[in-house]
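A.B. asks: Next up is a structure, given as structure tokens.
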Amino acid sequence: MAVDADLNAGLITEEEAKKRRQQIQREADFYGSLDGASRFIKGDVIAACLILFLSVFGGLAIGVFQHDMSFGDALHTYTILSIGEGLVSQIPQLLLSTTTAILVTKVASREEIGKAFLEEIKRYPDALMYSGGLLFAFALVPGFPKLPFLLLSATLFTAYYFAKKEIEKETLREIEEYLQEQKEGAKEEERPEDFIPQPDPVTLEIGYGLIPLFDENQGGQTAKKIRKIRKRIAEDYGIIISAIHIRDNLDLQPNEYRILIKGVEEERYNLHPDKLLAIDTGMAKGVPPSGIETYDPAFKIKAYWIDPPLKDTVQKMGYMVVDPETVLVTHLSEVIKRNLWRIVGRNEIYQIVETLKKKYPKVVEDIVPEKVPYSVIHRVVQNLLKEGIPVKDMLTILETLSDYIETEKDIDKLTELVRRALAPLITKLYAVNGNLYSAVLHPSLESELVGYIESGNHAEFMKTVAEVVKPKLEKAIENFTRVGAQPLLITAPEIRRFTKQVLENYLPQYHVISYAEVDKGANLKVVAVVEK
Numbered sequence: 187m188a189v190d191a192d193l194n195a196g197l198i199t200e201e202e203a204k205k206r207r208q209q210i211q212r213e214a215d216f217y218g219s220l221d222g223a224s225r226f227i228k229g230d231v232i233a234a235c236l237i238l239f240l241s242v243f244g245g246l247a248i249g250v251f252q253h254d255m256s257f258g259d260a261l262h263t264y265t266i267l268s269i270g271e272g273l274v275s276q277i278p279q280l281l282l283s284t285t286t287a288i289l290v291t292k293v294a295s296r297e298e299i300g301k302a303f304l305e306e307i308k309r310y311p312d313a314l315m316y317s318g319g320l321l322f323a324f325a326l327v328p329g330f331p332k333l334p335f336l337l338l339s340a341t342l343f344t345a346y347y348f349a350k351k352e353i354e355k356e357t358l359r360e361i362e363e364y365l366q367e368q369k370e371g372a373k374e375e376e377r378p379e380d381f382i383p384q385p386d387p388v389t390l391e392i393g394y395g396l397i398p399l400f401d402e403n404q405g406g407q408t409a410k411k412i413r414k415i416r417k418r419i420a421e422d423y424g425i426i427i428s429a430i431h432i433r434d435n436l437d438l439q440p441n442e443y444r445i446l447i448k449g450v451e452e453e454r455y456n457l458h459p460d461k462l463l464a465i466d467t468g469m470a471k472g473v474p475p476s477g478i479e480t481y482d483p484a485f486k487i488k489a490y491w492i493d494p495p496l497k498d499t500v501q502k503m504g505y506m507v508v509d510p511e512t513v514l515v516t517h518l519s520e521v522i523k524r525n526l527w528r529i530v531g532r533n534e535i536y537q538i539v540e541t542l543k544k545k546y547p548k549v550v551e552d553i554v555p556e557k558v559p560y561s562v563i564h565r566v567v568q569n570l571l572k573e574g575i576p577v578k579d580m581l582t583i584l585e586t587l588s589d590y591i592e593t594e595k596d597i598d599k600l601t602e603l604v605r606r607a608l609a610p611l612i613t614k615l616y617a618v619n620g621n622l623y624s625a626v627l628h629p630s631l632e633s634e635l636v637g638y639i640e641s642g643n644h645a646e647f648m649k650t651v652a653e654v655v656k657p658k659l660e661k662a663i664e665n666f667t668r669v670g671a672q673p674l675l676i677t678a679p680e681i682r683r684f685t686k687q688v689l690e691n692y693l694p695q696y697h698v699i700s701y702a703e704v705d706k707g708a709n710l711k712v713v714a715v716v717e718k
């Protein structure tokens, strides 16, 4: 199930999923076979013990009752005979059991048994030396046949000698290959014109004081939580980003970290690994005792660093308390979401289309790239992600672009048409408990703004939005906070993207959608009307 989940999320390819399933199947076969082999050997041992017990008991009875021997003489004589016979009979049984176990557990490997056996011996040659030493010790035991044990011991020591020589040869070959690679690498370094460094899409640099948070040997779970960000992004936005690169940076302060997008620093923050962050969500009363004033890096709201023993006390004051790992991971996640439109490239678009092609081969092949080139899909997806619109429904996006690409070439206008096709998704994105809370423009003001755009008077449009619309929307934020909704403005389709472009500089937290993007079944609740 875990393999299928990763495959559906796009974190692994079909080929990788197949290999993982085969590996899991081999492991299951191996452990099942191992259990069967152990039961087989266990049964033989129990049977041999029972036979030995019966032989001793029977010998005592025969010696005492039939041969008139004393109990001590009978015990001495028949115990030695029974144990000797038992040892002799156990040797072939031991060989048979061992051979059977090897054959049964062989199911876990696809190699021939001879090759697999030699490969194991070659991998652990010291076993030959120990076995040879043990057989040599047997040859020194009085009463044991010396010649067979000495011959076997000499054979194993000889095999050990040649196995070690082979390993030394392989080690020398590896060293030579490594040195050769180093020489080739040095040659490449001598030609900087052939080396163009490519920055990672997302990089997290940390100070040395934060390393314990990432070291799993010291109980750090941050790296594991960061790996889950990619899966959440794929589930929420339909985009599979590259692995997040984590490295230490001695130029940073010990407890500082910074986030880079394509090699450019976006944000940095100073953690307190030994404290907790108390965040004021608007319901807090008073200042936490001994609190160090700061801010939540993800959402830029007031917060305090507090000592862990004060957690319960501060929570009762109305603060939300989180640990440093959660602060860092949440901050990183929010920065990635805000910059997802920059992170996504044509390679990611190609992967999404190829994944979609496996499910809808005919539909996708008719659209991409004959009708809609990858460059158009990429730019439209960037526009959607820039305003936080998920692109999980890629099939609808492709079909909409296919319908309008012949008559409309402007990317921004194509994006508006795609947004209308995604109306149910957009409505659900901003709705709270089935209600779509929003601010709207007064009809007269909206008509005036539409007129500015249609006449090409963009300067007057920007001035009106900045001087009239922006102050009213700023006051309306309290109304949205009261109902627990995101700040949202609904406008006429003609002015939606222009309004968003202006408000982005003043009120970036406001989402702007058009009436054409509101689902027909939406329950619209107006919390503010903007008018002159």
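According to this note's numbering, the residues represented by the sequence shown are 187 to 718, in order. C-beta atoms are modelled at their ideal positions from N, C-alpha and C, and glycine is treated no differently.
1. Is there contact here, the region 554-565 with the region 504-519, by at least three beta-carbon pairs under 8 Å?
2. Residues in its own chain within less than 8 Å of Leu622 by CB, not counting five upstream and five downstream?
3. Which of the three DSSP states, helix, strand or coil, is assigned to Ala625?
4. Is it true that the region 595-608 meets the region 636-644, where meeting means three or more beta-carbon pairs spaced less than 8 Å apart?
5. How about Val508 and Val500: do their beta carbons lie closer than 7 Å?
6. Using a 10 Å radius around the Cβ and a threshold of 16 neighbouring Cβ atoms, would you call Met580 buried or exposed?
7. Thinking C-alpha only, which one of Leu365, Ile361, Lys488 is nearest Gly468?
8. In whole angstroms, what is the alpha-carbon distance linking Gln568 and Tyr394?
9. Report yes or no: do the region 530-547 and the region 462-481 share at least 3 C-beta pairs separated by less than 8 Å?
10. Buried or exposed: where does Asp466 fall if 16 or more other Cβ atoms within 10 Å of its Cβ makes it buried?
11. Counting beta carbon pairs with one atom in the region 402-420 and one in the region 451-465, are three or more of them shorter than 8 Å?
12. Please give the ranges of any beta strand (DSSP E) in the region 583-635, keeping only runs that are unbroken, at least 3 residues long and fully inside the region.
13. Consult DSSP for His431 and reduce its assignment to one of helix, strand or coil.
14. Per DSSP, Ile445 forms a beta bridge with which residues?
15. Which residues mark the beginning and the end of the alpha helix (DSSP H) in which Asp422 is found?
16. Tell me the rounded alpha-carbon separation between Leu240 and Asp254.
17. With distances taken Cα to Cα, identify the nearest neighbour of Glu421 among Lys578, Ser476, Thr341.
18. For the candidate residues Pro398, Ile425, Ser428, whose alpha-carbon lies nearest to that of Leu457?
19. Taking the alpha-carbon of Pro694 as reference, which of Gly424, Lys410, Leu326, Lys572 has the nearest alpha-carbon?
20. What does the alpha-carbon distance come out to for the pair Thr685 and Phe647?
21. Assuming the contact rule is C-beta atoms closer than 8 Å, Ser476 and Asp498 should be a hit. Round their C-beta distance to whole Å, please.
22. Contact defined as beta carbons within less than 8 Å: I believe Val558 pairs with Ser588. What is the distance between those atoms, to the nearest angstrom?
23. Taking 6 Å as the cut-off, is the beta-carbon of Pro398 closer than that to any non-hydrogen atom of the ligand HEM?
24. Quick one: Cα of Met315 to Cα of Glu356, how far?
25. For the beta strand (DSSP E) that Tyr481 lies in, which residues bound it at each end?
26. If you compare alpha carbons, which of Leu336, Phe666, Glu717 is closest to His697?
27. In the structure shown, what three-state DSSP assignment does Ser256 receive?
28. What first and last residue would you give for the alpha helix (DSSP H) that runs through Lys711?
29. Going by C-alpha to C-alpha distance, which of Tyr546, Lys718, Gln439 sits closest to Ser633?
30. Any idea if Phe400 is buried or exposed, counting beta-carbon neighbours within 10 angstroms, 16 or more meaning buried?
31. Comparing C-alpha positions only, which one of Leu337, Arg433, Gln384 sits nearest to Leu396?
32. Using 10 angstroms around the beta-carbon of Glu627, count the other beta-carbons present and answer buried if the total reaches 16, otherwise exposed.
33. Assuming Pro387 and Ile427 form a contact by the criterion Cβ under 8 Å, report the distance between their Cβ atoms to the nearest whole angstrom.
34. Who are the near neighbours of Ser624 in its chain, counting only those whose CB is closer than 6 Å to its CB and skipping five residues on each side?
35. With 16 as the cutoff for other CB atoms within 10 Å, does Val655 come out buried or exposed?
36. Answer with yes or no whether the minimum CB distance from Ile430 to chain D is below 7 Å.
C.D. replies: Result, derived from the coordinates:
1. No contact exists between the region 554-565 and the region 504-519.
2. Thr613, Tyr616, Leu674, Val704, Ala708, Asn709, Leu710, Lys711
3. It is a strand residue.
4. no
5. no
6. buried
7. Lys488
8. 36 Å
9. no
10. buried
11. no
12. For the region 583-635, whole beta strand (DSSP E) runs of length 3 or above, ordered along the chain, are 621-627.
13. DSSP places His431 in the strand class (E or B) of the three-state scheme.
14. Leu390, Glu453
15. 408-423
16. Whole-angstrom Cα-Cα distance: 20 Å.
17. Lys578
18. Pro398
19. Lys572
20. The straight-line gap from Cα to Cα measures roughly 9 Å.
21. Going by Cβ atoms, the distance from Ser476 to Asp498 rounds to 15 Å, so no, they are not a contact pair.
22. 6 Å
23. What this structure holds is no ligand at all, so the ligand HEM is not there to describe.
24. 20 Å
25. 478-482
26. Phe666
27. coil
28. No alpha helix (DSSP H) contains Lys711, which is instead part of the beta strand (DSSP E) from 709-716.
29. Ranked by Cα distance from Ser633, the first of Tyr546, Lys718, Gln439 is Lys718.
30. buried
31. Arg433
32. Inspection of the sequence shows that residue 627 is occupied by Leu rather than by Glu. Here Leu627 is buried, its C-beta having at least 16 other C-beta atoms within 10 Å.
33. About 6 Å; that satisfies the 8 Å criterion.
34. Leu674, Ile676
35. With at least 16 other beta carbons inside 10 angstroms of its own, Val655 counts as buried.
36. Given the protein chain composition of this structure (a single chain), no chain D is represented.
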